[in-house]
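For reference, the structure is listed below as structure tokens.
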Amino acid sequence: MDARLDQETAQWLRWDKNPLTLESVKQLIAEGNKEELQKCFGSRMEFGTAGLRAAMGAGIARMNDLTIIQTTQGFCRYLERQFSDLKQRGVVISFDARAHPASGGSSRRFARLAATTFITQGIPVYLFSDITPTPLVPYTVSHLKLCAGIMVTASHNPKQDNGYKVYWDNGAQITPPHDKGISQAIEDNLEPWPQAWDDSVINGSPLLHDPSASVTKDYYEDLKKYCFHRSVNRESKVKFVHTSVHGVGHTFVQSAFRAFDLVPPEAVPEQKDPDPAFPTVKYPNPEEGKGVLTLSFALADKIKAKVILANDPDADRLAVAEKQDSGEWRVFSGNELGALLGWWLFTSWKEKNQDPSALKDIYMLSSTVSSKILRAIALKEGFHFEETLTGFKWMGNRAKQLIDQGKNVLFAFEEAIGYMCCPFVLDKDGVSAAVISAEMASFLATKNLSLSQQLKAIYVEYGYHITKASYFICHDQDTIKKLFENLRNYDGKNNYPKTCGRFEISGIRDLTTGYDDSQPDKKAVLPTSKSSQMITFTFANGGVATMRTSGTEPKIKYYSELCAPPGDCDPEQLKKELNELVTAIEEHFFQPQKYNLQAKAE
434 MDARLDQETA QWLRWDKNPL TLESVKQLIA EGNKEELQKC FGSRMEFGTA GLRAAMGAGI
494 ARMNDLTIIQ TTQGFCRYLE RQFSDLKQRG VVISFDARAH PASGGSSRRF ARLAATTFIT
554 QGIPVYLFSD ITPTPLVPYT VSHLKLCAGI MVTASHNPKQ DNGYKVYWDN GAQITPPHDK
614 GISQAIEDNL EPWPQAWDDS VINGSPLLHD PSASVTKDYY EDLKKYCFHR SVNRESKVKF
674 VHTSVHGVGH TFVQSAFRAF DLVPPEAVPE QKDPDPAFPT VKYPNPEEGK GVLTLSFALA
734 DKIKAKVILA NDPDADRLAV AEKQDSGEWR VFSGNELGAL LGWWLFTSWK EKNQDPSALK
794 DIYMLSSTVS SKILRAIALK EGFHFEETLT GFKWMGNRAK QLIDQGKNVL FAFEEAIGYM
854 CCPFVLDKDG VSAAVISAEM ASFLATKNLS LSQQLKAIYV EYGYHITKAS YFICHDQDTI
914 KKLFENLRNY DGKNNYPKTC GRFEISGIRD LTTGYDDSQP DKKAVLPTSK SSQMITFTFA
974 NGGVATMRTS GTEPKIKYYS ELCAPPGDCD PEQLKKELNE LVTAIEEHFF QPQKYNLQAK
1034 AE
């Protein structure tokens, strides 16, 4: 191991031209700090379908100038093999506001180095001159018919992290086997090319284009097609508060509101400007609920605003909160907002399209761990619903296939507060979701309805869908494997459980092995992946629960849902039943004591 470590560090000292990271490695070697060197050089960051995500700092396990150069060289060579017209079409690159002064790394610097790699190979680069939301990259790929897109962002990760997310020429995130192909190409192109470090070569290069003004303008023009009630918006008295949580969303959401003739939302002043230190929040993730929204609640109470819109730092996700009559703030879950937006986009489409035969081409998508509420709406209204594997890469690619077949994909969402409301972006987009949610709230207000009341109406009409999700932390891969193997050999070899506590199991789908007992040949329809664990249990009481490992965090997650048929039933009773089911799953299937799992900190 030491020999390999010596080899890696020796290469690093030869190749790294960033004085800060170079110096820090020299210092670790001088101190003989094996433990820290092992962390930095033990293994190279793995390039997956979500690209890269890691802490900024020195070494092959971190995000820094050299690893960005190496990654981009590999990606460049891979694209050259895949596209004969790469030099005609080119790529788009953008970045968020993250920075790490200690190592001299920042999203802007990484984006410039990536642009340098392509331009020195004669490939045109559309490099945004300033920070943008992530969805602008897939939008630019589709809009300008480019070969690929790169977004330098770590989304809502802790402040020390950064990431490198890639899009294919269809405007969606990459799916296997591209990740493996790119990974291999990176390994084959580790030594920096002659001009790799000289980012001044791109200044004034005829191959460098700045799409900021023209593409952003076209984005808002396309967005206007999803404005259904301009006259309502002009008169609306509904007040909104918006937070971009120290990220990139502020100016884009302001402009989106103007495009809809809505009065722009009041921005949380302490959080509206980009700040890589994220000083007012522990984690810059609106999914974590009320902690991130403390300042938003205070501002909304002060100006008497009813609705809060919160983007994550790269503005591809959206959380919404509404003041209830009780005076409490209700933060909608991703599944609840998915139900509201799905209802809204279908209702708005139906008003413009009275011809019932058009329904056969309408589709909505959601991931397999998200609420099945769209399925219930689709069944009753007569359009198509499909579920995909977890993650927007699958929904984006499936949406593109359907669009290419002449279908109309109205909406796609995942429970992790990701929404695709406008298929001109084949990924989640928190900017369009924010302004469409605002128009929906403004329209409902003219009918004296709140978002909460409308959500209840959806549940009464299409059946209550109550969901609960959480996770356990486990850092040991072998333990995770044991836990899942135990479920596959529950009572004797190759037998899945038939009950969970008092709850009878009626169906099992295992997307690790490809087993599905609801199919005639017992084979799962969705793609399977041996490298990740994922089992879904269907219960006789209408419950569904999925247990899966996370691709980016040391977590075993679970997602559970109880679906009731349409009609006014007792949601409190359903909640109680779901809580009992979840308790049984934790006790019998997770067995946290036996496997030494750490529960989610509330």
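In this text, residue positions in the sequence shown follow this note's numbering: the first is 434, and each later residue adds one. Using N, Cα and C, we set each Cβ at its ideal position, and we do this for glycine too. Source: prediction; values computed, not measured.
Spatial distance of residue i from residue j (CA atoms)
i, j, result
"Arg942", "Tyr852", "26 Å"
"Ser983", "Leu577", "34 Å"
"Pro534", "Ser781", "48 Å"
"Val558", "Gly523", "6 Å"
"Ser688", "Met980", "40 Å"
"Tyr991", "Glu464", "44 Å"
"Glu479", "Gln838", "34 Å"
"Leu695", "Ser669", "7 Å"
"Glu820", "Asn603", "20 Å"
"Leu798", "Ala832", "8 Å"
"Asn595", "Gly492", "14 Å"
"Ser800", "Asn841", "18 Å"
"Ala811", "Phe818", "6 Å"
"Ala1034", "Gly722", "13 Å"
"Met489", "Ala581", "24 Å"
"Val525", "Trp601", "11 Å"
"Phe905", "Ala849", "17 Å"
Burial state of residue i (16 or more Cβ within 10 Å)
i, result
"Ile736", "exposed"
"Leu519", "buried"
"Gln606", "buried"
"Gln440", "exposed"
"Val958", "exposed"
"Glu937", "exposed"
"Asn922", "exposed"
"Leu485", "buried"
"Ser575", "buried"
Per-residue DSSP class, three states only, for residue i
i, result
"Cys933", "strand"
"Met478", "coil"
"Tyr852", "strand"
"Val665", "helix"
"Val599", "strand"
"Ile526", "strand"
"Cys1002", "coil"
"Thr821", "strand"
"Trp1036", "Since the first residue shown for the chain is 434 and the last is 1035, residue 1036 is missing from the structure and cannot be characterised."
"Lys914", "helix"
"Lys756", "strand"
"Lys735", "helix"
"Asp594", "strand"
"Ser645", "helix"
"Gly839", "coil"
"Lys956", "strand"
"Thr586", "coil"
"Leu512", "helix"
"Tyr897", "coil"
"Ser562", "coil"
"Tyr923", "coil"
Close beta carbons around residue i, own chain, < 7 Å, minus the five adjacent residues each side
i, result
"Arg691", "Pro697"
"Pro707", "Ala530, Ile564, His679, Gly680, Val681"
"Asp1003", "none"
"Ala738", "Lys672, Phe673, Val674, Glu699"
"Gly481", "Asp612, Gly984"
"Glu769", "Leu888"
"Gln966", "Ile913, Phe917, Thr945, Arg981, Thr982"
"Glu513", "Leu519"
Beta-carbon proximity list for residue i, same chain, < 8 Å, skipping 5 on both sides
i, result
"Glu624", "Trp448"
"Pro999", "Ala809, Lys813, Val893, Glu894, Tyr895, Gly896"
Own chain partners of residue i with C-beta closer than 6 Å, once the 5 adjacent residues on each side are dropped
i, result
"Leu455", "Asp449"
"Ser539", "Ala532"
"Phe685", "Pro566, Val864"
"Ser457", "Ala491"
Inter-residue CB distance, residue i and residue j (contact presumed, cutoff 8 Å)
i, j, result
"Thr550", "Ile502", "6 Å"
"Ala544", "Ser527", "7 Å"
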